[in-house]
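**Q** Take any residue in the sequence shown, note its place counting from 1, add 13, and you have its number in my numbering. Every residue, glycine too, gets a C-beta built ideally from N, C-alpha and C. Small disclaimer: the values here were computed from a predicted structure and weren't measured. Next up is a structure, given as structure tokens.
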Amino acid sequence: MKKSTLVLAFMAMAAFGSVQAQDMSRGDADKQQQKKENMSQEDRDRMREERQDKKDKVNSNMSDDAQGRAKDMTDKMDEILDLTDAQYRQAMEVNLRYYNQLDQMRARYAGQEDANKEQMKAKKDELSRERLNSYKSFLTSEQWSKFEERRGDAKEEHESKMTKEEKKERMENMTPEEKERMKERKEQKSSTGTSTPRNKGDMDKEKMQEKRGSSSKSSGSDN
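Structure representation (structure tokens):
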């Protein structure tokens, strides 16, 4: 079976899954019913508009639908890992489920007045762990090692472009497991003698320091 055929099949499955997701999103309605009954019509209208604005904002930030993002991710994995047809089908299934669940989570929290960012991050981390564990179930040990290596390189490249404030915020929001993995990567880099990529700002600062050092030496020799 060709990979293009597999993609079409999973897109059809995702369309069916989206209908089920809409039914699940109504689960919290009963909990807020009592609160709504005590509100004035004006307050109800205002709350409805605020929630709709939040949902519209979430939807506008999604550049592609879940199917498109899942296909992009699966194609990227295929390019790096040279997946078999069976592995491609399994990866597509895992990625579709992940992006559908991610969209459902964002839509659910967008409809809440006081969305908890920590809860959202915890849920996203949980979905990511499930996705990675699913990958491990069908990738070979060699493919998994290559995938983890690429994943680590991508993270380091992203971190090298972050400001100090962004790095600090990211460290504060990291789970103990993520901190442990970062520590292991740094130790591995140190043992192999490979340095972490530097950003342009750091390189420019080093060049300026070298120029200043050369100027100081030149002035000293003239005297």
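Cβ of Met133 within 8 Å of Cβ of Asn108?
**A** Stepping through the sequence shown from its first residue, residue 133 is reached at position 120. Stepping through the sequence shown from its first residue, residue 108 is reached at position 95. No, the pair does not count as a contact, with Cβ atoms beyond the cut-off.
**Q** I need the DSSP call for Tyr111, collapsed to helix, strand or coil.
**A** The residue given as residue 111 occupies position 98 in the sequence shown. Three-state DSSP puts Tyr111 in a helix.
**Q** Going by alpha carbons, who is nearest to Asp98 out of Ser141, Arg59, Gln117 and Leu152?
**A** As a first step, residue 98 is located in the sequence shown; it is residue number 85 there, counting from the start. Measuring from the Cα of Asp98, the nearest candidate turns out to be Leu152.
**Q** Helix, strand or coil: which one does DSSP assign to Met86?
**A** The residue labelled residue 86 in the question sits at position 73 within the sequence shown. Three-state result, Met86: helix.
**Q** Residues in its own chain within less than 6 Å of Lys136 by CB, not counting five upstream and five downstream?
**A** Start at 1 with the first residue of the sequence shown, and residue 136 comes out as number 123. Within the same chain, Lys136 has close Cβ partners Met118.
**Q** How many angstroms separate the CA atom of Met90 from the CA atom of Phe160?
**A** The sequence position of residue 90 within the sequence shown is 77, counting from 1. The sequence position of residue 160 within the sequence shown is 147, counting from 1. Those two C-alpha atoms are separated by around 8 Å.
**Q** Since Asp116 and Ala79 should fall inside the 8 Å C-beta cutoff, what is the C-beta to C-beta distance between them, to a whole number of angstroms?
**A** Counting from one through the sequence shown, the residue named residue 116 turns up at place 103. Counting from one through the sequence shown, the residue named residue 79 turns up at place 66. With 8 Å as the limit, Asp116 and Ala79 qualify as a contact, their Cβ atoms being about 5 Å apart.
**Q** Measuring CA to CA, which of Tyr111, Glu62 and Tyr148 is closest to Gln100?
**A** For the purposes of this step, residue 100 is taken as the residue at position 87 of the sequence shown. When each option's Cα is compared against that of Gln100, the closest is Tyr148.
**Q** Taking 8 Å as the threshold (C-beta atoms), are Ala104 and Leu96 in contact?
**A** The residue labelled residue 96 in the question sits at position 83 within the sequence shown. The residue labelled residue 104 in the question sits at position 91 within the sequence shown. In contact: Leu96 and Ala104 (Cβ atoms closer than 8 Å).
**Q** Reducing DSSP to helix, strand and coil, say where Thr207 ends up.
**A** Counted from its first residue, the sequence shown places residue 207 at position 194. Because Thr207 sits at a pLDDT of 49, beneath the cut-off of 50, its placement in the model cannot be relied upon, and the point is left open.
**Q** Alpha carbon to alpha carbon, what distance is there between Asp166 and Glu193?
**A** Against the sequence shown, residue 193 aligns to sequence position 180. Against the sequence shown, residue 166 aligns to sequence position 153. About 16 Å.
**Q** Which term fits Arg142, buried or exposed, when burial requires 16 or more other beta carbons within 10 angstroms of its beta carbon?
**A** On the sequence shown, residue 142 is found 129 positions in, with the first residue counted as 1. Answer is exposed; the Cβ neighbour count stays below 16.
**Q** Sorted by chain position, which residues of the same chain lie with C-beta nearer than 7 Å to Leu140's C-beta, five sequence neighbours on each side aside?
**A** Within the sequence shown, numbered from 1, the residue matching residue 140 stands at position 127. If we look at Leu140 and ignore the five residues flanking it on each side, its Cβ neighbours are Tyr111, Gln114 and Leu115.
**Q** Take Ser154 as the anchor and find which of Lys199, Asn51, Leu94 and Ala123 has the nearest alpha-carbon.
**A** Along the sequence shown, read from residue 1 onward, the residue named residue 154 stands at position 141. Answer by Cα proximity: Leu94.
**Q** Can you say whether Arg164 is buried or exposed, counting buried as having 16 or more other CB atoms within 10 angstroms of its CB?
**A** Here residue 164 refers to the residue found at position 151 of the sequence shown. Counting Cβ neighbours within 10 Å, Arg164 comes out exposed, since fewer than 16 surround it.
**Q** Counting only the same chain and skipping the five closest in sequence on each side, list residues whose C-beta sits under 8 Å from that of Trp157.
**A** Translated into the one-based positions of the sequence shown, residue 157 becomes position 144. So the qualifying residues of the chain are Tyr148 and Lys149.
**Q** Below 7 Å CB to CB, which residues in the same chain sit around Arg144 once its five sequence neighbours on both sides are set aside?
**A** Sequence index remark: in the sequence shown, residue 144 carries index 131 (1-based). Taken in chain order, the residues that qualify are Val107 and Tyr111.
**Q** Under a three-way DSSP split, which group does Asp78 fall into?
**A** One-based indexing of the sequence shown puts residue 78 at position 65. Three-state result, Asp78: coil.
**Q** By the 10 Å Cβ neighbour count, where 16 or more other Cβ atoms means buried, how is Arg59 classified, buried or exposed?
**A** Indexing the sequence shown from 1 puts residue 59 at position 46. The residue is exposed, with fewer than 16 neighbouring Cβ atoms inside 10 Å.
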